[in-house]
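Sequences listed follow chains F and V, in order. Under the numbering used here, the first residue of the first sequence is numbered 132, with each subsequent residue one higher. Under the numbering used here, the first residue of the second sequence is numbered 31, with each subsequent residue one higher. Think of the CB as a built atom: it goes at the ideal place given N, C-alpha and C, for glycine as much as any other residue. Nothing here was measured: the structure is a model prediction, and the numbers come from that model. Please read the structure below before turning to the comments.
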Amino acid sequence: MHIELQQIHKRFGKVEALKGIDLKVSGGTIHGLVGENGAGKSTLMKILTGYLSSSGGRILLDGEAVKYGTPAEAAGLGIGMLYQEPQDFPPLSVLENFMVGRDSHPDGNRARQRKRLQGLAEKARFELDPDTPVEKLTIGERQQLELLRLLGRNARVLILDEPTTGISERQKERLFQALYQMRDQGRTILLISHKLDEVSSLCDRVTILRQGRVVGEEEAPFHISRLLELMFDQSHQEPVPRPDSRPGRAILDFDRVVARGERNGLHQCSVTLRQGEVVGLAGLSGSGQGLFLRLAAALQRPLEGEVHSLGHSHRGRKHSAFRRAGGTFLPADRLEEGLIPGFTIQDHFALARGLPAHKARETAVEAIDRFNIHGQPESPVDALSGGNQQRLQLSLIPEDARLILLEEPTRGLDVSSGEWIWHHLLERYGTTGAIVFSSAELEEILAVATRVLVFFDGRVVRDLGSDQLDYQHIASAMTGN
Amino acid sequence: MKRIRQHLTDILLILGLVLLFTSLLLWMVKAPPLEAFQNLLAGSFGSWSRFTRVLNVWIPLTLCSFGLLYAFRTGLWNIGVEGQMVLGAVGATWALRMGMESGSPLLYLGLALVSGAVLGALWALFAGWLKIRGGVHEIFAGLGLNFVAMGLVLWLIFGPWKRAGIASMSGTQPFPIELWFPSLPGWRVSPFAIALTVAVILFSFWVLNRSRFGLNLEAVGRNPRAAPLYGLSPRQYMLAAIAISGALAGLAGMLQVSGIYHRLIPAISSGYGYLGLLVVMLANFRLLPVPFIALFFAALNVGSIQLPMMMQLDSSLSGVIQGASVMSALLVFGLRRLRAGRAE
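Take a look at the structure:
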């Protein structure tokens, strides 16, 4: 299906999020949409999928102007979206998820639907057991199921939002193969992604958005430096120089730790991390990295073994004591687990530092300036963009913290936000403390870590020093080789 | 300025909806709406003595409602206020019965105040404990404990605390006048009880809107998962909030026993716990409107008493108006949220 957007405008109150977007996407192509956070990609896609109505402009499908205001109507026209977070029913089985909904195939016969599902899965080369409850699947498998659901109801336009976040290398390859297949069947695919290498290998064309406008359109083959130049105003910053201090005192110690959680728990983990180290936790999502960080932060207790941090045993120790000793933990889900939705920036300082209102306001004003947070002391945190939320979380870390635990610190952020964050962290804590972070992006780990722990199935399978860091080696260890 | 205008439109909208709905209902049963409203108004504000009766309802209702605000701040639905009020009444009765033969009534009144609040708090903590340790949702725990509390009162009235000779629904042996909640001569409502309620209101304003403790309560309510990262234990704050909630309900129960009925009766809570939930919802969980809405509801309760005599209408009209107000309020707030959501 051929999509054409003409002069799409969208305003939220005084803010003009989209300032007249023109976009043409031909059927049978994969079209990339890139841009910094806040460039308007998500807003544009929400308009295309019917979640938002535009303030002005026209949408043409195969040359015909269409009007719709709900996702259901958009689905009726053959527009389907694959969300970053799977939109499914975890307690139901794969088959039930495939069948559920008024927009799916009208045939309610389970045996026939099972055949349809298996047929579609086989064509896409996905391995899904129809009877497994969806809650037992990995994110990548759930995504495969969603894709099959979209195919099952004959979606002709597929919009994918950061589809490779949190899935394995193998699943990524399968996904790409499936996308090529769908493109060759004449479907139209729109891809939103921050990962320019993926965009440039997958897409036939790429449109670059900046501050609600189209600033460029490129055709394959792409030059990543050219894309970056269009995406960002300022020239691309160079990666951060690593602190080259020698590791000092032990700051975090795991002694034969066994714990339950995530997909496979954590098994017999023994490791000592020292001051001056920047430790990257590599691994497919859910391999034990999150659990490791929560154990280190005294947010979770081990079943066996012992954790020591900052000179104290974690036995009977609470997270608040861990914080007082100079530890800090930033979770990946900023609004779910890290910040308090509805609270303002100022409230967060009052809460985290124990300050009265006027002092909290002063501190907030200072932090907003120093950390370049786009907001006011009285802005509710849920109104901030992801990058600003993350900078707020960083500004809440006490100056004298010595053990910084970060879960996916740059997830969902654009390149320049991510670089800013690493600059700040390394400068502030790189030599005086230890930084431990997990990341789904191996590139990020290789760019900043001085030491890498590779997780696989709840075990630390490699412990690599700075002279042993090799992309291929880590990637194969992550998949169990 | 814009927010004030918004609140005013909200209030007018809600009142308009309520009037429309109630008038329609009255018109359907062929009663003149205007006369009914006039009677309600006259019945509650028509004379000083009627107004004192309104205040006597306002006191426990306000106490329960403010108690609920604490629980709501941590995200808990303390449906158990009703039972906590009953337990407060039981605690007060226990203390006052001990004081019947003593020479220092004020001591026992003080004890009744404390034991009422403590028993209410313990009953609430029980519901909180069931939630935190047993995984029982606080609504079910609270509702269940309400029935248990009711059973307990009936058992006490017909068992250990029955009147000499006769046990009846009219309650326990009335207390001598020295053990009544102190008042001033000629006052039908105790100025001390009013002062206590006003103190609770002011204190709650400070705690919930100004203090660190209040900020922490709200943080726990808005995101219990993030709270530990700020050194807060959601369990402790939830328990603290529900205990305060129960203590205030218990206080209301104590005032019912010592100030209004001067004995323990089966219907000692008068349903003010549930009514308090409506008050808080109508206030959209904010503090400032609560005392005024409680006054409005109290006036409806008292004003409707004479409807059966004057117009052969059942006094449950007040309940209809109260229910309609909450429904209209939820509708107006809901619509506003929807519109705000769509604007995003």
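Reference residue i; option with closest CA among the options
i: LYS116 of chain V; options: V:ILE34, V:LEU361, V:ALA279 and V:SER288; result: Per the sequence shown, residue 116 of chain V should be read as Val rather than Lys. When each option's Cα is compared against that of VAL116 of chain V, the closest is V:ALA279.
i: GLN342 of chain V; options: V:ALA66, V:LEU47, V:PHE51 and V:GLY46; result: V:ALA66
i: PHE307 of chain F; options: F:PRO352, F:PRO264, F:ARG256 and F:LYS172; result: F:ARG256
i: ARG522 of chain F; options: F:LEU486, F:GLY469 and F:ALA491; result: F:GLY469
i: HIS443 of chain F; options: F:LEU434, F:ARG455 and F:GLU435; result: F:ARG455
i: SER213 of chain V; options: V:LEU139, V:GLY251 and V:PHE327; result: V:LEU139
i: VAL592 of chain F; options: F:ASN240, F:CYS400 and F:LEU259; result: F:CYS400
i: GLY543 of chain F; options: F:GLU350, F:ALA390, F:GLN477 and F:LEU466; result: F:LEU466
i: PHE229 of chain F; options: F:PHE587, F:VAL512 and F:ARG245; result: F:ARG245
i: PHE170 of chain V; options: V:GLY46, V:GLY181 and V:ALA157; result: V:ALA157
i: ILE210 of chain F; options: F:HIS354, F:ILE178 and F:GLU227; result: F:ILE178
i: VAL362 of chain V; options: V:ILE34, V:SER134 and V:GLY46; result: V:GLY46
i: ALA297 of chain V; options: V:ILE231, V:LEU149 and V:ASN176; result: V:ASN176
i: GLU293 of chain F; options: F:ARG241, F:ILE190, F:MET176 and F:VAL225; result: F:MET176
i: ALA565 of chain F; options: F:GLN524, F:LEU333, F:ARG380 and F:LEU149; result: F:ARG380
i: TYR267 of chain V; options: V:PHE222, V:LEU54, V:LEU50 and V:ALA101; result: V:ALA101
Integer-rounded CB distance, given that residue j should sit under 8 angstroms from residue i
i: PRO472 of chain F; j: ASN69 of chain V; result: Not confirmed; about 47 angstroms, so no contact.
i: LEU279 of chain F; j: LEU289 of chain F; result: No, LEU279 of chain F and LEU289 of chain F are not in contact; Cβ-Cβ is about 12 angstroms, not under 8 angstroms.
i: ALA429 of chain F; j: HIS450 of chain F; result: 5 angstroms
i: LEU245 of chain V; j: ASP478 of chain F; result: 7 angstroms
i: TYR199 of chain F; j: GLY171 of chain F; result: Not really, about 20 angstroms apart at Cβ, beyond 8 angstroms.
i: TRP153 of chain V; j: GLY97 of chain V; result: 12 angstroms between Cβ atoms; not a contact.
i: LEU120 of chain V; j: VAL183 of chain V; result: Looking at the sequence itself, residue 120 of chain V is Val, so the reference to Leu does not match. Yes, VAL120 of chain V and VAL183 of chain V are in contact; Cβ-Cβ is about 6 angstroms, under 8 angstroms.
i: VAL309 of chain V; j: ILE323 of chain V; result: 5 angstroms
Contact under 9 angstroms by Cβ, residue i with residue j
i: PRO237 of chain F; j: LEU276 of chain F; result: no
i: ILE323 of chain F; j: ARG314 of chain F; result: no
i: ARG25 of chain V; j: ARG242 of chain V; result: This structure cannot speak to residue 25 of chain V, because chain V is shown only from 31 to 374.
i: GLN286 of chain V; j: SER299 of chain V; result: yes
i: HIS445 of chain F; j: ARG432 of chain F; result: yes
i: GLY216 of chain V; j: LEU106 of chain V; result: no
i: LEU136 of chain F; j: LEU154 of chain F; result: yes
i: GLN420 of chain F; j: GLU300 of chain F; result: no
i: THR92 of chain V; j: ALA354 of chain V; result: no
i: LEU98 of chain F; j: ILE535 of chain F; result: In this structure chain F extends from 132 to 612, so residue 98 of chain F is not present and cannot be described.
i: ILE355 of chain F; j: LEU327 of chain F; result: yes
i: ILE224 of chain V; j: LEU136 of chain V; result: no
i: THR376 of chain V; j: TRP88 of chain V; result: Because residue 376 of chain V is not part of the residues shown, which for chain V are 31 to 374, the question remains open.
i: GLY95 of chain V; j: TRP210 of chain V; result: According to the sequence displayed, residue 95 of chain V carries Ser and not Gly. Contact: no.
i: VAL337 of chain F; j: GLU329 of chain F; result: no
i: ASP384 of chain F; j: VAL438 of chain F; result: yes
Residue i, DSSP secondary structure in three states
i: HIS236 of chain F; result: coil
i: ILE190 of chain F; result: strand
i: GLY411 of chain F; result: strand
i: ALA488 of chain F; result: helix
i: VAL231 of chain F; result: coil
i: LYS254 of chain F; result: helix
i: LEU112 of chain V; result: According to the sequence provided, residue 112 of chain V is Glu. The question's Leu does not apply to it. Correct three-state label for GLU112 of chain V: helix.
i: VAL438 of chain F; result: strand
i: LEU208 of chain F; result: coil
i: GLU167 of chain F; result: coil
i: SER510 of chain F; result: coil
i: HIS604 of chain F; result: helix
i: ARG367 of chain V; result: helix
i: PHE315 of chain V; result: coil
i: PRO264 of chain F; result: strand
i: THR494 of chain F; result: helix
i: ASP40 of chain V; result: helix
i: GLU550 of chain F; result: helix
i: LYS246 of chain F; result: helix
i: PHE453 of chain F; result: helix
Contact with chain B by residue i, beta-carbon distance below 9 angstroms
i: PRO264 of chain V; result: Here chain B cannot be found, since the structure's protein chains are F and V.
Any non-hydrogen atom of the ligand GDP within 8 angstroms of residue i CB
i: SER185 of chain F; result: This structure simply doesn't include the ligand GDP, nor any ligand for that matter.
Item to check | Complete alpha helix (DSSP H) runs within the region 47-75 of chain V (minimum length 4 residues, chain order) | outcome: 63-75
Checklist entry - Could you give the uninterrupted runs of the beta strand (DSSP E) lying entirely in the region 270-331 of chain F, keeping only those of 3 residues or more? => result 288-292 and 319-323
Next on the checklist: To test your reading of the DSSP string, which unbroken alpha helix (DSSP H) runs of 4 or more residues are found completely within the region 77-163 of chain V?
Outcome noted: 78-103 and 111-129
Checklist entry - Which parts of the region 164-190 of chain V are runs of the alpha helix (DSSP H), unbroken and 4 residues or longer, counting only runs that do not cross its ends? => result 168-188
Item to check | 4-residue-minimum alpha helix (DSSP H) runs that sit fully inside the region 289-336 of chain V, ordered along the chain | outcome: 302-312 and 319-333
Checklist entry - What runs of the alpha helix (DSSP H), each 4 residues or longer, lie entirely inside the region 201-272 of chain V? => result 221-239 and 242-252
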